[in-house]
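Okay, so the sequence shown: first residue is 10 according to our numbering, each after it adds one. Heads up, the beta-carbon is just placed ideally off N, CA and C, and yes, glycines get one too. Here is the structure we will look at, set down as structure tokens.
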Amino acid sequence: MNSILFVNELGNFLVGYRQKLKQARSELEGELVKAPQGSLKIVCKKKCTQFYYRKGPGDKEGSYIPRKEAALVKKLAVKKYAEKAVGPLCKQIQLVEKMLACNQEKALQQAYAGLPKEARLLVEPVLHEPE
């Protein structure tokens, strides 16, 4: 067989990918905990971008944030991103976990082991044991 399936490598990749996703999710959740209350409103007027701080859900206009308070703008922008990114990250983690749960490595090993000894000498398994 020319195309050899490396199930072990795929499983290892998925485990590492899941870990990275979980780490990213925890970092974003940490940003949400540290973030200030309220939200950011961005308005573009005549080639100039202005930022407004909405302190609550009823605050439609918000108060202008001067340039010297750029740190507040950044915190609110990071919060907005984190709020939008946590959901898709959780879904991606669930998908990876489903893929790991459906791992057919043992079934492939059993299919090969179930062959008679003579047949195993003639067949190259798609799953190789790590060396």
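Residue i vs residue j beta-carbon contact at 8 Å
i, j, result
"Y62", "E70", "no"
"E92", "L41", "yes"
Contacting residues, own chain, Cβ-Cβ under 6 Å from residue i (five flanking each side not counted)
i, result
"V24", "none"
"A79", "none"
"L19", "none"
Close beta carbons around residue i, own chain, < 8 Å, minus the five adjacent residues each side
i, result
"K89", "S48 and L49"
"Y121", "R129, V132, P134 and L136"
"L81", "P45, Y62 and I74"
"Q101", "L30"
"R27", "I102, V105, E106 and L109"
Own chain partners of residue i with C-beta closer than 7 Å, once the 5 adjacent residues on each side are dropped
i, result
"N11", "For N11, the predicted model reports a pLDDT of 37, less than 50, meaning its position is unreliable; a value from the coordinates is still stated below. The answer is none, since no qualifying residue turns up."
"N21", "none"
"K84", "A44 and P45"
For residue j and residue i, believed in contact at Cβ under 8 Å, the rounded distance
i, j, result
"L109", "L30", "Not a contact, Cβ separation roughly 12 Å."
"E36", "V95", "About 10 Å separates the two Cβ atoms, so there is no contact after all."
"A44", "V87", "7 Å"
Span of the beta strand (DSSP E), counted from its first residue to its last, around residue i
i, result
"K54", "S48 to K54"
"D59", "Note that residue 59 is Gln in the sequence shown, not Asp. From DSSP, the beta strand (DSSP E) with Q59 extends over C57 to R63."
Delimiting residues of the alpha helix (DSSP H) encompassing residue i
i, result
"G8", "What the structure shows of the chain is the stretch from 10 to 140, and residue 8 is not part of that stretch, so it cannot be assessed."
"P97", "A79 to A110"
"A44", "Note, A44: premise wrong, no alpha helix (DSSP H); not H, not E."
"E127", "K126 to L131"
"Q118", "E114 to A122"
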